[in-house]
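J.:
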Amino acid sequence: MTVTTALPSFDEAIATYEPVMGMEVHVELGTATKMFCGCSTTFGGEPNSQVCPVCLGLPGSLPVVNEIAVESAIRIGLALNCSIAEWCRFARKNYFYPDMPKNFQTSQYDEPIAFDGYMDVVADGVEYRIGIERAHMEEDTGKSLHVGGATGRIHGASHSLLDYNRSGIPLIEIVTKPIEVPAEVAPAVARAYVTELRELIRALGVSEARMELGQLRCDANVSLRLPGAAYGTRTETKNVNSLRSVERAVTYEIRRQASVLSSGGTIVQETRHWHEDTGETTSGRVKEEAEDYRYFPEPDLVPIAPSREWVDELRATLPEPPSVRRARLQEAWGFTDLEMRDVVNAGALSLVFDTVAAGATAGGAKKWWLGEVARVANERGVALEDAGISVADVARVEVLIGEGALNDKLARQVVEGVLAGEGTPDEVVAARGLAVVSDDSALGAAVDDAIAAQPDVADKIRAGNLGAVGALIGAIMKATKGQADAKRARELILERLQS
Amino acid sequence: MPSISREEVAHLAHLARLDLAPDELDHLAGQLDQILGAVAQVTEVAADDIPPTSHALPLTNVFRADEPRPCLTPESVLAAAPAAEDGRFRVPQILGEEQ
Ligand SMILES: [Zn+2]
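Those protein sequences? They're chains A and B, same order as listed.
Numbers given in our numbering equal positions in the first sequence, counted from 1, plus 1337.
Numbers given in our numbering equal positions in the second sequence, counted from 1, plus 1.
Next comes the structure, spelled out in structure tokens:
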């Protein structure tokens, strides 16, 4: 169903209603094996090649918990300032859907391993404390392909095909408390929360948290209420799989619900699906009640009771909090608040950090990742790290600029070449003949030609008007197709005209 | 007093996307009620000094190292499937869901 009636604008919506949000983020852990069995978690295997009796739910098989997954869950909990349960269990979440071959998902229910924490995030320069309700362990589901329908959706499909390679991969679900922030910043706060959480997960080293690969998935709960009223009915928007989508989906849902409510309608508690292309959500299934899942404690797994010593040991492994690290890097790099925010929002913090470590200047690293590389990545719909240029390549380009072997214009062509798959920066320089012309014989000829072609300009320089040098350099750059070393050209001009 | 009502059976049938006729609901409600009644006998022997438990053994923290083990082959896995297509399990049309 597509909403065709015009929705109120965001400003109109929040003039009447206050949004309350709740974010549920699933993080796929980067463990080598699944949550309850030794099957590999490597991405991209042949369908159903990474399965065993445990993750297929075959009779008689018994699950055993992955210790690293529990450690990761505790570390995430600690990093989110949560309390760690002294004793907790897994439960069976029963449902009739073929993405789990067991007919239930093994998940924590009312005994999460971590609970009651918070994370501070900054949106539009203001800090907001986001309460964390819980972080619990569960397992991922298999992947479904729906066949026979027009769009690959369930609706209209004749049957479905299941690949269980992903089924059983450890997931940590992180649930916020209700987020009540000023309405005008609500979508930005939602985005800032997911951005900050992603940084934290990466800093912990428990997952690469790449949204485009589904390693970090976000569901956004949104409800509206009149100021001071009780919470309204909420919807849960699924499939919000980029930082930009988080902001857009929350904005859309606020507008949609405002439209329904202001025309006298009621909000249905349901899951909704976000469509990146149209920027809309559509109705999914009416949400099942928790009791419909008939949770009960998992009888095949014993409880988890992390000792205080173990938790303290894990606490000692926590990295510097992302906000502290950012402040430290911003100072070291000499970036303004705005520059730093751009880097973080682009998901380029680690890339810039690594590029600087590989020999580039911070400004140079930022320029390429947020400029040329971001443009190409955006065109191709891929993440920056998948645009086709490595940290080492970007650093090498910056080194070549520093050595005077490339100027900015040539460097741009080199980066273009690398992004186009023509090889390393040095290979592109050689293949395209892009080295800066700075040897005096070649450059000297171009300087002489330029002086001869513009005698009036030369006279001005002889008379001491150094501002006129630019005109000759322009001509030299044109004659050398941009490959001249501008600095050396200037020296040669002055040598000839001021002696 | 039955421990499961006809309406609850109808709700479970809906969750399972089963289309049950009224006489089937009556039949199954009676059967399920017998099963629940049998299980409920356990509560008669549970004393106040016995805490509820979910596991027979008083163990905690049974863990496995994060080391890959061999998996089954897709051929052997799919050989046990009622239907398969393109290396995947083939299941009937999924009803009442949209994803
Ligand atoms: Zn397995």
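For each residue, glycine too, the CB sits at the ideal point set by N, CA and C.
1) Taking a Cβ distance cut-off of 8 Å, strictly less, list which residues of the region 1490-1501 of chain A are near chain B, in chain order.
2) State the Cα-Cα distance for the pair Val1340/A and Ala1595/A, rounded to the nearest angstrom.
3) Using a Cβ-Cβ cut-off of less than 7 Å, list which residues of the region 42-64 of chain B approach chain A; keep chain order.
4) Mind pulling the chain C residues with CB within less than 8 Å of Arg1645/A?
5) How big is the Cα-Cα spacing for Thr61/B and Pro1400/A?
6) Can you look up Trp1424/A in the DSSP assignment and give me helix, strand or coil?
7) To the nearest angstrom, how far is it from the Cα of Arg1622/A to the Cα of Ile1491/A?
8) Among Arg1547/A, Ala1350/A, Ile1411/A, which residue has its Cα nearest to the Cα of Leu1655/A?
9) Anyone know if the C-beta pair for Pro1643/A and Ile1421/A falls short of 8 Å?
10) Check the Cβ of Thr1368/A against every Cβ in chain B and list those closer than 9 Å, keeping chain order.
11) What's the call for Tyr1354/A, buried or exposed, on a 16-neighbour Cβ count within 10 Å?
12) Below 7 Å between beta carbons is the criterion; list the residues of the region 1354-1381 of chain A that meet it against any residue of chain B, in chain order.
13) What residues of chain A sit near Val40/B, judged by a beta carbon separation below 9 Å?
14) Is Lys1371/A near ligand 1, going by C-beta to nearest heavy atom under 7 Å?
15) Which stretch, first to last residue, makes up the beta strand (DSSP E) that contains Leu1442/A?
16) Can you find a CB in chain A that lies within less than 8 Å of the CB of Arg89/B?
17) Quickly, what does DSSP pair Ile1813/A with across the bridge? List them, please.
18) Ile1450/A bridges to which residues according to DSSP?
19) How about the region 1816-1827 of chain A and the region 1775-1784 of chain A: do they share at least three Cβ pairs that are nearer than 8 Å?
20) Is Gln1387/A close to chain B, meaning its C-beta is less than 8 Å from at least one C-beta of that chain?
21) Hey, how far is the Cα of Gln100/B from the Cα of Leu1743/A?
22) Which residue from Val1713/A, Ala1714/A, Ala1685/A puts its Cα closest to that of Gly1700/A?
23) Name the two residues that bound the continuous alpha helix (DSSP H) containing Lys1703/A.
24) Tell me whether Gly1382/A, by its Cβ, gets closer than 7 Å to a heavy atom of ligand 1.
25) Output the distance between the C-alpha atoms of Arg1592/A and Ala1494/A, rounded to the nearest integer angstrom.
26) From Thr1570/A to Asp1614/A, what does the alpha carbon distance come to, in whole angstroms?
T.: So, to answer that:
1) Arg1490, Ile1491, His1492, Ala1494, Ser1495, His1496, Ser1497, Leu1498, Leu1499, Asp1500, Tyr1501
2) Any reading at Val1340/A must be qualified, since the residue scores a pLDDT of 48, below 50, and its modelled position is unreliable; the value itself is stated next. Rounded to whole angstroms, Val1340/A to Ala1595/A spans 13 Å at the Cα level.
3) Ser55, His56, Leu58, Leu60, Thr61, Asn62, Val63, Phe64
4) The question asks about chain C, but that chain is absent: this structure's protein chains are A and B.
5) 14 Å
6) coil
7) C-alpha separation (whole angstroms): 12 Å.
8) Comparing Cα-Cα distances from Leu1655/A to each of Arg1547/A, Ala1350/A, Ile1411/A, the minimum goes to Ile1411/A.
9) yes
10) At a beta-carbon threshold of 9 Å, the residues of chain B lying near Thr1368/A are Asp67, ordered along the chain.
11) Buried, because 16 or more other Cβ atoms sit within 10 Å of the Cβ of Tyr1354/A.
12) Thr1368, Ala1369, Thr1370, Gly1375, Cys1376, Ser1377
13) None at all; the shortest Cβ gap to chain A is about 12 Å.
14) Under cutoff, so the answer is yes.
15) Reading off the sequence shown, one finds Gln at residue 1442/A, where the question assumed Leu. Start and end: 1441-1444.
16) yes
17) Partner residues in a beta bridge of Ile1813/A, as assigned by DSSP, do not exist.
18) Note: Ile1450/A sits in no beta bridge, so no partner.
19) yes
20) yes
21) Low per-residue confidence applies at Gln100/B: pLDDT is 41, beneath 50, and the placement is therefore not dependable enough to give any value.
22) When Val1713/A, Ala1714/A, Ala1685/A are compared, the shortest CA-CA separation from Gly1700/A is found for Ala1685/A.
23) 1699-1707
24) no
25) 31 Å
26) 26 Å
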